[in-house]
Amino acid sequence: MTLNPAPNSFRTGPDERGRFGIFGGRFVAETLMPLILDLEKAYADAKADPSFKADMEAYRTHYIGRPSPLYYAERLTEHLRAQAPAGQGAKIYFKREELNHTGSHKVNNVLGQILLARRMGKPRIIAETGAGQHGVATATLCARFGLKCVVYMGAVDVERQAPNVFRMKMLGAEVVPVQSGTRTLKDAMNEALRDWVTNVADTFYCIGTVAGPHPYPAMVRDFQSVIGIETKQQMLEMEGRLPDSLVACIGGGSNAMGLFHPFLDDREVEIYGVEAAGHGVQSGLHAASLTGGRPGVLHGNRTYLLMNEDGQIADAHSISAGLDYPGIGPEHAWLHEMGRVTYLSATDSETLEAFKLCSMLEGIIPALEPAHALSKVLELAPTKPAEHLMVMNLSGRGDKDIPQVAQIFGQTL
Ligand SMILES: *Cc1c(COP(=O)(O)O)cnc(C)c1O
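Okay, so the sequence shown: first residue is 12 according to the numbering used here, each after it adds one.
As structure tokens, then:
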């Protein structure tokens, strides 16, 4: 594998072909190309239009509830300092994306794409979803703007995530169970791409993470970057300086890219992404594409993927359905190869410990996804000096996970 030359900036990508080094791009059927080019042009126009920005600002404030707080997790900080050597134990902050309308960071991106769809005059929105959080966010914004909404969801996930399926239907969306392949997220995305090609004229495809063909990875990152932009400003106000480290969990990588991107050129800031290690990377039952995968092409871009020896896409496993994706956004693959971001992984059992601790010490029940990030905060914070400022992205709230966690702990609801 050839490494790219070190860039002057980590924030300039992708290039005009949508590449981050050798990653990204747009590997799509000929028939999809006009749609992708249309979207790219519409997004470039929107970005340059002050009225689009003003619309985004207004709905962020009044509908999503931004800015989200940057919160000092005092009891967690003290708890970890008590176990650390004298003078050690980072000061821990949570970026509270779980307080957004619909309960996660997903809505930041969906708002951007739905406002774009309206500009483009597309009355029908399609989306893929795994755990259902992106589907719920999309159904919510479609209800708000009176757009038709069709959500593709693997049949296995439809069964596992019944409350979110009901939520989407309440919001007026049609949920289509996907019966192909492993009947999970990657199959839902295949089906959505198929729908898009056949309904060219009236349909906008709202992708839920920093994956898919160019311009999606960059566009979704831009819409999520509000997380990092706010964090920078809030930290300057609260501490008078930048944080020393950032930590976020990674499914496709959108909440992480959103936090990381505004800090990529602040080279003194350490950055950690946390993948889902499931039963352990050695077990083969995991979703850690960077730690346990290799480069290939899926869903229109080149990136790290979980594959078997024949190059077939392997099943991902995680306790958290929201991290259960066999790939990772191409920009993360590039940041990994450039060494700018350190990628770690957290097992299911480490995650459950962090889930309990956060609930008991901070009065915040986190989603299982950010509990992965938190489990690495528990390891990293005690190794840092007390003046070290660490920010973790609390990407979503845990309400959706209560039935599953109760079952694991042997409780009936
Ligand atoms: C979907 C989801 C994730 C994983 O998606 P990314 O694109 O990696 O951010 C993480 N946390 C929550 C709460 C989610 O709903």
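Where a beta carbon is used, it is the ideal one built from N, C-alpha and C, also for glycine.
With a 10 Å radius around its C-beta and 16 neighbouring C-beta atoms as the bar for buried, classify residue i as buried or exposed.
{"i": "H116", "result": "buried"}
{"i": "D213", "result": "exposed"}
{"i": "R232", "result": "buried"}
{"i": "P96", "result": "exposed"}
{"i": "V39", "result": "buried"}
{"i": "T394", "result": "exposed"}
{"i": "R278", "result": "exposed"}
{"i": "E89", "result": "exposed"}
{"i": "Q245", "result": "buried"}
{"i": "S356", "result": "buried"}
{"i": "V186", "result": "buried"}
{"i": "F420", "result": "exposed"}
{"i": "R37", "result": "buried"}
{"i": "I413", "result": "exposed"}
{"i": "V2", "result": "The question about residue 2 has no answer here: the residues shown for the chain are numbered 12 through 424."}
{"i": "P254", "result": "buried"}
{"i": "G29", "result": "buried"}
{"i": "P273", "result": "buried"}
{"i": "R252", "result": "exposed"}
{"i": "A173", "result": "exposed"}
{"i": "D168", "result": "buried"}
{"i": "S446", "result": "With the chain covering only 12 through 424, there is no way to say anything about residue 446."}
{"i": "L196", "result": "buried"}
{"i": "F31", "result": "buried"}
{"i": "K64", "result": "exposed"}
{"i": "K133", "result": "buried"}
Considering only residues of the same chain and omitting the five flanking positions on each side of residue i, which have a CB-CB separation below 6 Å?
{"i": "N404", "result": "K106, A259, N266, L270"}
{"i": "G409", "result": "I376, P377, A378"}
{"i": "S370", "result": "I376"}
{"i": "A382", "result": "T362, A365, F366"}
{"i": "K411", "result": "none"}
{"i": "I75", "result": "N111, H112, V118"}
{"i": "R71", "result": "R77"}
{"i": "M12", "result": "Here M12 scores only 42 on pLDDT, less than 50, and its place in the model should not be relied on; the value that follows carries that caveat. Excluding residues within five positions, none has a Cβ falling inside 6 Å."}
{"i": "E109", "result": "L405, G407, R408"}
{"i": "A229", "result": "P25"}
{"i": "G295", "result": "none"}
Hey, out of the options, whose CA is closest to residue i's CA?
{"i": "E68", "options": "A222, T88, V237", "result": "V237"}
{"i": "S329", "options": "I137, V285, M268", "result": "V285"}
{"i": "P45", "options": "P134, P226, I240, R252", "result": "P226"}
{"i": "G407", "options": "G333, Q422, A128, Q124", "result": "G333"}
{"i": "E320", "options": "P306, M200, M401", "result": "P306"}
{"i": "E170", "options": "V147, G143, H290", "result": "G143"}
{"i": "G289", "options": "L346, D255, E380", "result": "E380"}
{"i": "T358", "options": "L346, H343, A344, K387", "result": "K387"}
{"i": "W345", "options": "R28, S20, G35", "result": "G35"}
{"i": "T42", "options": "G304, V211, G322, L126", "result": "V211"}
{"i": "S62", "options": "G100, E51, L126", "result": "L126"}
{"i": "R130", "options": "D26, F156, I324, G291", "result": "F156"}
{"i": "D49", "options": "I103, D276, A128", "result": "A128"}
{"i": "L122", "options": "Q235, E342, T353", "result": "Q235"}
{"i": "E281", "options": "R351, Y54, N175", "result": "R351"}
{"i": "G304", "options": "L424, E51, H145, G322", "result": "G322"}
{"i": "L389", "options": "A101, E241, S331", "result": "A101"}
{"i": "T353", "options": "A325, L301, S360, I324", "result": "L301"}
{"i": "Q94", "options": "T423, N120, Q415, A392", "result": "A392"}
{"i": "E398", "options": "R92, K52, Y54, L81", "result": "R92"}
{"i": "H145", "options": "N120, Q418, A57", "result": "N120"}
{"i": "K243", "options": "Y315, A84, S79", "result": "S79"}
Leaving aside the five residues before and after residue i along the sequence, list all residues of the same chain whose C-beta is less than 8 Å from its C-beta, in chain order.
{"i": "G263", "result": "G219, T220, V221, A222, Y336, G338, I339, G340"}
{"i": "M86", "result": "Before going on, a small fix: residue 86 reads as Arg here, not Met. Correct list, in chain order: L372, E373."}
{"i": "P224", "result": "G29, G36, R37, F38, V39, L43, I47, H310, G311, N312"}
{"i": "V416", "result": "L363, F366, L379, G409"}
{"i": "T425", "result": "Because the chain in this structure spans residues 12 to 424, residue 425 falls outside the shown range and cannot be described."}
Report all residues from its chain with a CB closer than 7 Å to the CB of residue i; omit the five preceding and five following residues, and keep chain order.
{"i": "A166", "result": "P188, V189, Q190, R194"}
{"i": "L385", "result": "A365, C369, P377, M403"}
{"i": "E250", "result": "L400"}
{"i": "Y216", "result": "I137, A203, W207"}
{"i": "P396", "result": "G98, Q99"}
{"i": "D198", "result": "G165, V189, S191, G192"}
{"i": "G239", "result": "G269, L270, F271, H272, P273, F274"}
{"i": "I33", "result": "R313"}
{"i": "L14", "result": "The predicted position of L14 is uncertain, since its pLDDT is 48 and thus under 50; a value taken from the coordinates is nonetheless stated next. Contacts found: E348."}
{"i": "E51", "result": "P226"}
Please report whether the beta-carbon of residue i lies at a distance below 8 Å from any beta-carbon of chain D.
{"i": "L372", "result": "In the structure shown, chain D cannot be found, because there is only a single protein chain."}
Is residue i near ligand 2, judged by its Cβ being under 7 Å from some heavy atom?
{"i": "P174", "result": "Ligand 2 is absent from the structure shown, which contains only ligand 1."}
For the region 138 to 151 against the region 107 to 114, do three or more pairs of beta-carbon atoms, one drawn from each stretch, fall closer than 8 Å, so that the two count as touching?
yes
Assess, as a yes-or-no matter, whether the region 172 to 184 is touched by the region 202 to 209 under the definition of 3 or more beta carbon pairs within less than 8 Å.
With the cut-off at 8 Å, the region 202 to 209 and the region 172 to 184 do not touch.
For the pair the region 156 to 163 and the region 122 to 142, tell me if three or more CB-CB distances fall below 8 Å.
yes
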